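In our numbering, the protein residues as written are -17 to 81.
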Amino acid sequence: MLKLININDLDNDNMMQVTINNENYLVAKINDTFYVTTDMCTHEDAELTMGCLSGTKVKCPLHGSYFDLNTGIALNEPADEPIKTYKTLIQNNHLYIDE
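1) Residues in its own chain within less than 8 Å of proline 64 by CB, not counting five upstream and five downstream?
2) Give the DSSP-derived three-state secondary structure of isoleucine 65 in the structure shown.
3) Quick check on the DSSP output: what are the complete beta strand (DSSP E) runs of length 3 or more inside the region -6 to 34, in order along the chain?
4) For lysine 67, which residues in the same chain have their Cβ closer than 6 Å to its Cβ, ignoring the five residues on either side in sequence?
5) Along the chain, where does the beta strand (DSSP E) that runs through threonine 70 open and close?
6) Taking the CB atoms as reference points, tell me whether alanine 28 and tyrosine 17 lie closer together than 9 Å.
Below you can see the structure in the form of structure tokens.
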């Protein structure tokens, strides 16, 4: 398990980038549920945390592709490859992912 953040460091309906061991993760909190994905669009190298949230979707800032935070699926072109998603665990007020 990899510890990412204290759960109190992120407000609802927000996201942040967390970098651990040179890996960038997108951490989002929507309706008190945490989602963690890779923080790179699969179409071009754009950080998804520079985009915007729309419910449980994140919009790439470069070309506007949306990704589902639950599944990682690219919902529209130009991206057609999914982003990686991670299972989360909250323990002692910290958010962990299964690598």
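For glycine and all other residues, C-beta sits at the position ideal for the given N, C-alpha and C.
Every value quoted in this text rests on a predicted model; they were computed, and no experiment measured them.
Working from what's here:
1) Thr24, Phe49, Thr53, Gly54, Ile55, Ala56
2) coil
3) -4 to 2, 5 to 12, 15 to 20
4) Checking the sequence, you will find threonine at residue 67 rather than lysine. Once the five neighbours on either side are set aside, the close Cβ partners of threonine 67 are Thr19, Gly54.
5) 70 to 73
6) no
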